[in-house]
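Residue numbers (the numbering used here): 4 to 373.
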């Protein structure tokens, strides 16, 4: 394992040395469009809560907060952080109600992000209590989607973004390896069930194993695979370099991103269905945002070749910017679901905004660190 780890590090260093490619996206343009999107989302937030009865701690908002916090870390003052902190404080730093349900802990990622800035222990106390209870009373339910109590575990690929990332962040903050080890066992059981090693893509859940698109291809949901990309990047960032299986996460990330990169359309987007773009001709910007974010993340850290993947990333970002309305609303976001669905230029959701801001923030760091 040690020799293998050294070999991978050498390969990463060689990639960085060989590739002499520089991103061409101006930092000012990144800041401008991200501010427009962030400001529109903040203005729309009260209407969004009322219209969709989304509670502030619902996973949809949790994903938006993650991207908003990344954007906040780039802004010249703490105004965006203060907006996020006010929301979290009103909720008394509690996640949603479900003790086991992955979606209900997603908002704790924001609490971890805010703790890293403000260092106030009260921000993490409810999350710590929730995770401790789950680790002390692990569910033994089957991962088959329709099995009794299956949702007490991470039996759908979206869940890999919602919950394991919280365990990863808490492990880094606390230094308590127990968080990572619990995540490790549960994460790979889900991966071993839902990852197709031939297609290098994830099924959304076990119901989709036998389903086909109109063109006969397996059903691989765009945003579902986007969730996994986002999960892997966050988890890898939280794990120490010497964690025994860290390279296993990196290798899965690389396999997935190499496959994803080949499925970009000529305009720069990805679609609701990864393998049936004829049926789902319209772009889908929540998945596209996660994929652009994943590409930027990997290029910046040396896990992906700049020469090969930077043009794909830039093409994807430029496509995403075209989907932003003049007022800052991000269009072409597929509605809440679990499979490919058709959308429109006027459709948006908060999680699309979150993924967009994650992508833009990562690209900004890339271009300003050159």
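Think of the CB as a built atom: it goes at the ideal place given N, C-alpha and C, for glycine as much as any other residue.
Model, not experiment: these values are computed from the prediction.
Residue interval of the alpha helix (DSSP H) (run including residue i)
i           : result
residue 242 : Looking at the DSSP string, residue 242 is not in any alpha helix (DSSP H), and its letter there is neither H nor E.
residue 138 : 128-139
residue 361 : 353-371
residue 319 : 309-325
residue 90  : 82-93
residue 73  : 62-75
residue 250 : 249-264
residue 125 : Careful: residue 125 lies outside any alpha helix (DSSP H) and carries neither H nor E.
residue 146 : Here residue 146 belongs to no alpha helix (DSSP H), and DSSP marks it neither H nor E.
residue 168 : 167-177
residue 115 : 111-121
Residue i versus residue j - alpha carbon distance
i           : j           : result
residue 331 : residue 136 : 41 Å
residue 13  : residue 239 : For residue 13, the predicted structure reports a pLDDT of 47, less than 50, and the residue's modelled location is therefore unreliable. A value from the coordinates is still provided. About 18 Å.
residue 76  : residue 169 : 19 Å
residue 297 : residue 369 : 12 Å
residue 353 : residue 206 : 23 Å
residue 356 : residue 248 : 32 Å
residue 329 : residue 230 : 27 Å
residue 20  : residue 115 : For residue 20, the pLDDT reaches just 40, beneath the cut-off of 50, and the residue's location in the model is therefore unreliable, leaving the point undetermined.
residue 147 : residue 211 : 11 Å
residue 351 : residue 35  : 20 Å
residue 153 : residue 104 : 10 Å
residue 303 : residue 364 : 12 Å
residue 109 : residue 191 : 19 Å
residue 199 : residue 81  : 43 Å
residue 141 : residue 242 : 22 Å
residue 98  : residue 336 : 25 Å
residue 72  : residue 83  : 7 Å
residue 165 : residue 256 : 17 Å
residue 221 : residue 158 : 19 Å
residue 224 : residue 155 : 22 Å
residue 308 : residue 151 : 44 Å
Sheet register partners of residue i (DSSP bridge)
i           : result
residue 199 : 204
residue 333 : 327
residue 286 : 274
residue 215 : 221
Residue i burial status per 10 Å Cβ neighbour count (16 or more: buried)
i           : result
residue 215 : exposed
residue 95  : exposed
residue 281 : exposed
residue 347 : exposed
residue 23  : Because residue 23 sits at a pLDDT of 42, beneath the cut-off of 50, its placement in the model cannot be relied upon, and the point is left open.
residue 25  : exposed
residue 219 : exposed
residue 228 : buried
residue 27  : exposed
residue 31  : exposed
residue 343 : buried
residue 102 : exposed
residue 292 : buried
residue 213 : exposed
residue 64  : buried
residue 189 : buried
residue 46  : exposed
Option in the options with minimal Cα separation from residue i
i           : options            : result
residue 79  : 108, 261, 38       : 38
residue 327 : 157, 112, 91, 42   : 42
residue 272 : 219, 290, 105      : 290
residue 179 : 93, 265, 50, 138   : 138
residue 334 : 286, 304, 362, 363 : 286
residue 86  : 186, 99, 48        : 48
residue 299 : 278, 372, 247, 241 : 372
residue 250 : 162, 189, 236, 314 : 236
residue 162 : 52, 134, 106       : 106
residue 260 : 245, 295, 270, 74  : 295
residue 258 : 194, 222, 274, 318 : 194
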